[in-house]
Amino acid sequence: MTSGNTWQRHDVLGRVLVILRGQRNPRDPDLRDGYPFLSSYQLAIILDDSHPEIRQELGLPVAGSAPGQQNRGSLAQYLAGQLSSLLANRHRDERINHIERAFLSGHHCKMSFKNNEEVFESTSYPLSMFRYWPQR
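If you're matching positions, the sequence shown starts at 523 in the numbering used here and goes up one per residue.
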């Protein structure tokens, strides 16, 4: 299967929107500052917890790279790439207008993301982050 078919067949954008819309900041229950951002790692972990069939169909690890497949990427990279592509071409799916993207610099920063017993380290590259944005 191609990743484009997987994206459409599983309505991955719709599933990502549900995940992002479900995020809340307990210190800002009225969302005055907007919805919290999730990194592509966090998105991948949450999506895989609820819909493992997507990652399995793509044949990708959640983060990092599978042994012998260093150039194939991961579910986290796949999500960041697909969302970034849609954000650059908003006319392809208007639902993307409800997602805001930002980057966290990797300068003096190292983050770990835990998925069950597996721990993923962020790279030194800027970290893609996404949040739900209802006002667009």
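All C-beta atoms, glycine included, are put in the ideal place defined by N, C-alpha and C.
With distances taken between CA atoms, residue 626 lies nearest to 563 out of 596, 563, 609, 641. The beta strand (DSSP E) runs lying completely inside the segment 603-631 and spanning 3 residues or more are 621-626, given in chain order.
Nearest to residue 566 by alpha-carbon distance, out of 575, 535, 601, is 601. Per the coordinates, the alpha-carbon of residue 550 lies some 20 Å from the alpha-carbon of residue 539.
When 595, 624, 576 are compared, the shortest CA-CA separation from residue 585 is found for 595.
Pairing residue 621 with residue 654 gives a Cβ-Cβ distance under 8 Å.
Residue 561 sits buried, since 16 or more C-beta atoms from the chains shown fall within 10 Å of its C-beta. Using a Cβ distance threshold of 8 Å, residue 608 and residue 597 do not count as a contacting pair.
Rounded to whole angstroms, the Cβ separation of residue 557 and residue 542 is 6 Å, and the two are in contact under 8 Å. Taking the Cα of residue 624 as reference, the smallest distance to any Cα among 639, 573, 583, 650 is reached at 650. Cβ contact annotation for residue 577 (same chain, cutoff 6 Å, sequence separation greater than five): 570, 597, in chain order.
Where residue 634 is concerned, the enclosing beta strand (DSSP E) starts and stops at 634-637.
In the three-state scheme derived from DSSP, where H, G and I count as helix and E and B as strand, residue 584 is classed as coil.
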